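Encoded as structure tokens, the structure appears first; notes follow it.
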Amino acid sequence: MYNRFTQEDNNVPNEATNKYNSLAPWHFFTQQVHNVLELAFDEAKHLCHREIGPVHLLLGLIRQEQGLAAQVLRDAGIKLENARLQVEKIQKRGTVSYRKIGFKASPF
Numbered sequence: 022m023y024n025r026f027t028q029e030d031n032n033v034p035n036e037a038t039n040k041y042n043s044l045a046p047w048h049f050f051t052q053q054v055h056n057v058l059e060l061a062f063d064e065a066k067h068l069c070h071r072e073i074g075p076v077h078l079l080l081g082l083i084r085q086e087q088g089l090a091a092q093v094l095r096d097a098g099i100k101l102e103n104a105r106l107q108v109e110k111i112q113k114r115g116t117v118s119y120r121k122i123g124f125k126a127s128p129f
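Residue 72 in the working numbering sits at position 51 of the sequence shown, and the numbers go up by one each step.
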């Protein structure tokens, strides 16, 4: 079965396989995706959560200044501070120190 993220695929640039000393599909994401992931990581740290989950991605999308998803969320009246408050009501603040949060470079 063909998998575009396997090292056997000759079309994968060398930097995609060398960036993290393993195959790195991150190379195929746009800069906007990288930015949202960084913002999501910041949100997880802010909430002292151990992992990055869908809610952190949503908060990252809301924080993003440009992009279609950010515009749609803003047009729907969704504001970052209100979304954060709702997340804290539902998931509560974690107990993990932000220094202990690790971010493994793997999308799977």
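For each residue, glycine too, the CB sits at the ideal point set by N, CA and C. Here the structure is a predicted model, which means the values were calculated and not measured.
Span separating the alpha-carbon of residue i from that of residue j
i	j	result
residue 53	residue 114	27 Å
residue 84	residue 60	7 Å
residue 86	residue 50	18 Å
residue 106	residue 56	22 Å
residue 90	residue 98	13 Å
residue 65	residue 111	14 Å
residue 116	residue 72	12 Å
residue 95	residue 102	12 Å
residue 62	residue 48	18 Å
residue 100	residue 76	14 Å
residue 88	residue 70	26 Å
Exposure of residue i, with buried meaning 16 or more beta-carbon neighbours within 10 Å
i	result
residue 81	buried
residue 58	buried
Whole-angstrom C-beta distance between residue j and residue i, which should lie under 8 Å
i	j	result
residue 104	residue 79	7 Å
residue 68	residue 108	7 Å
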